[in-house]
Amino acid sequence: MLYRTLKKCFIAIALATNWVSAAPTNLLLEELSRIAGQHVIYSFEGLTPPDQLFDLVKDGKVGGIILFKANVGNQTAAIIEKLQTEYKQSPYYLGVPLIITTDQEGGEVRRVPGGPDLSEKQVGESTDPAAAATEAGKEAQEALSAYNVNANLAPVVDIFRETGNFIDEFQRSYGNNSKIVSECAAAFISQQQELGIISTAKHFPGLGAAPLGSNTDLAPVTLNLSLSEIREVDEVPYTAAIAAGVKMVMTSWAIYPSLDAKMPSGLSKAWVQEELRGRLHFRGVTITDALEAGALDAFGDIGNRAVLASQAGMDIVLASQQNVTEGEAATTAIAAALADGSLSIEVFAEATERIISLRRGLIRRV
Ligand SMILES: *[C@@H]1O[C@H](CO)[C@@H](O)[C@H](O)[C@H]1NC(C)=O
Ligand SMILES: *[C@@H]1O[C@H](CO)[C@@H](O)[C@H](O)[C@H]1NC(C)=O
Ligand SMILES: *[C@@H]1O[C@H](CO)[C@@H](O)[C@H](O)[C@H]1NC(C)=O
Ligand SMILES: *[C@@H]1O[C@H](CO)[C@@H](O)[C@H](O)[C@H]1NC(C)=O
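Under numbering that gives the first Met the number 0, think of the first position of the sequence shown as 0, with each following residue one higher.
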């Protein structure tokens with residue numbers, strides 16, 4: 000019920016404030032950053048989160064945390080438990096756990112010890128791909144649960160076009176056709192979520208056509224696929240993933256001129272709202288790829304990027320530079336955009352509710 004209260008407070012703040020003309024008070028910005036923070040996944044450096052991150056969690060300004068290999072040691076499970084406990088004891092606790100996430104795709108892309116041993120490509124090439132994908136979903140859950148991680152930024156549902164291209168280089172794609180990718184994605188998602196781990200289909204609408212070396216982490220990438228090819232090939236696994244109940248979709252930072260010539264998918268209303276929500280009817284939570292990505296160099300600082308993503312309709316932004324400052328910058332900028340009216344409070348409140356409801360679904364686990 001706490002999330003209903005949150006929404007009521009949120010709307011009360013909106014009504015009580017003349018967004019455009021009033022200079023927002025520090026108190027208002029504090030309250031807004033507690034709402035904005037629910038939309039931000041933070042990261043940190045090394046094995047132990049700094050006090051700063053614990054303080055932000057206790058102050059209700061953190062929605063979740065992403066772990067990388069360098070964050071994972073034999074104390075990690077205990078550290079995560081401590082973060083959840085301190086959050087739970089905070090006056091700003093919303094009644095739902097923090098999202099703790101990582102990339103546990105399989106094969107070479109695994110951040111915590113344990114499975115899935117097979118890469119997605121090996122899963123797709125096995126004699127019974129659906130059974131192998133189900134097994135991979137189970138292995139991912141076992142590995143993640145041991146570290147108190149509750150959300151996986153997997154499966155990759157990109158359809159690779161050329162052997163050895165960007166997504167095939169580390170065997171991250173189940174296959175080169177929609178049928179095999181859809182089948183494996185649905186099996187992995189169903190199993191992993193049945194066992195209590197949030198699944199994420201990525202990278203919408205698809206990175207399978209990106210050539211080797213076209214890495215949005217480093218530089219802008221433009222994929223000149225026709226809209227019909229994107230819809231008939233790349234988007235097919237999203238239909239399967241959505242039918243399987245996938246809880247999150249991660250957008251890519253590539254530009255797809257067939258629908259939007261200017262904005263990368265995760266900053267594009269056309270891709271996020273018209274295509275993913277409108278055409279494919281996705282009702283879950285959307286999450287961006289890394290805000291610090293080189294593909295976004297033309298879109299301002301971290302705060303600007305977080306606001307652009309939120310304006311495009313993205314629910315969660317990923318501040319994954321292994322640095323708490325980045326998450327704070329995103330949170331502060333979103334709060335300021337809510338305060339000055341450049342981000343619609345009504346639309347944002349719907350996203351907040353989706354996020355809280357996603358996290359509410361994690362409670363059954365405990
Ligand atoms: C945890 O890891 C540290 C450093 O890697 C090591 O010294 C210590 O023995 C380990 N503790 C346990 C309980 O495994
Ligand atoms: C996928 O790869 C197989 C084996 O290399 C090839 O025969 C087939 O034509 C490819 N399919 C597509 C859609 O590219
Ligand atoms: C798409 O077209 C643009 C403009 O012609 C070009 O710069 C870019 O390299 C193309 N993308 C790919 C992946 O070929
Ligand atoms: C942390 O991240 C922010 C935003 O990405 C960046 O400006 C800053 O230089 C980083 N600080 C450190 C200490 O790495």
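Built from N, CA and C at the ideal position, the CB exists for glycine as well.
Check, Outcome
"Taking only three categories from DSSP, how would you classify ASN175?", "coil"
"Suppose the cutoff is 6 angstroms on Cβ atoms and the five residues either side in sequence are ignored; what does the same chain contact list for SER20 look like?", "With a pLDDT of 43 at SER20, under the threshold of 50, the modelled position of that residue is not reliable, and no figure is offered here."
"What residues does ligand 3 have around it, judged by CB closer than 5 angstroms to any heavy atom, in chain order?", "THR221, ASN223"
"Count the other CB atoms within 10 Å of the CB of ASP233; is the residue buried (16 or more) or exposed (fewer)?", "buried"
"At 4 residues or longer, what runs of the alpha helix (DSSP H) sit wholly inside the stretch 59-99?", "75-87"
"Regarding GLY174 and ligand 2, is the C-beta to nearest heavy atom distance less than 8 angstroms?", "yes"
"Less than 9 angstroms between the beta carbons of THR215 and ALA253, yes or no?", "yes"
"Which one of ALA242, THR101, ALA76, GLY293 has the shortest CA to CA distance from ALA218?", "GLY293"
"Assuming ILE254 is part of the beta strand (DSSP E), what are its boundary residues?", "Per DSSP, ILE254 belongs to no beta strand (DSSP E) and is neither H nor E."
"My output table needs one value for THR331: the three-state DSSP class, helix, strand or coil.", "helix"
"Going by DSSP, which residues form a beta bridge with ASN151?", "THR101"
"Rounded to whole angstroms, how far is the Cβ of ASP167 from the Cβ of LYS120, which I believe are closer than 8 angstroms?", "7 angstroms"
"State buried or exposed for LYS246, treating a residue as buried only when at least 16 other CB atoms are found within 10 Å of its CB.", "buried"
"Less than 9 angstroms between the C-beta atoms of GLN417 and ALA139, yes or no?", "Only positions 0 to 365 of the chain appear in the structure, and residue 417 is not among them; the question remains open."
"Whole angstroms are fine: how far does the CA of SER125 sit from the CA of THR306?", "As written in the sequence, residue 306 is Val, which differs from the Thr given in the question. The straight-line gap from Cα to Cα measures roughly 43 angstroms."
"Ordered along the chain, which non-local residues of its own chain (more than five positions away) have a Cβ less than 7 angstroms from that of ILE65?", "ILE40, SER42, THR100, THR101, LEU317, SER319"
"Ends of the beta strand (DSSP E) at ALA200?", "199-203"
"Sorted by chain position, which residues of the same chain lie with C-beta nearer than 6 angstroms to THR431's C-beta, five sequence neighbours on each side aside?", "Not covered by the structure: residue 431. The range shown for the chain is 0 to 365."
"Assuming ASP50 is part of the beta strand (DSSP E), what are its boundary residues?", "No beta strand (DSSP E) contains ASP50, which is instead part of the alpha helix (DSSP H) from 50-57."
"Give me the Cβ distance between ARG358 and ASP314, rounded to the nearest whole Å; I'm assuming they're in contact under 8 angstroms.", "Contact flag wrong, Cβ pair sits at about 12 angstroms."
"Measuring only from the beta carbon, is ARG160 closer than 8 angstroms to any heavy atom that is part of ligand 2?", "yes"
"Quick one: Cα of VAL365 to Cα of PRO128, how far?", "Unreliable positioning characterises VAL365 in this predicted model, as indicated by a pLDDT of 47, which lies under 50. A coordinate reading is not provided."
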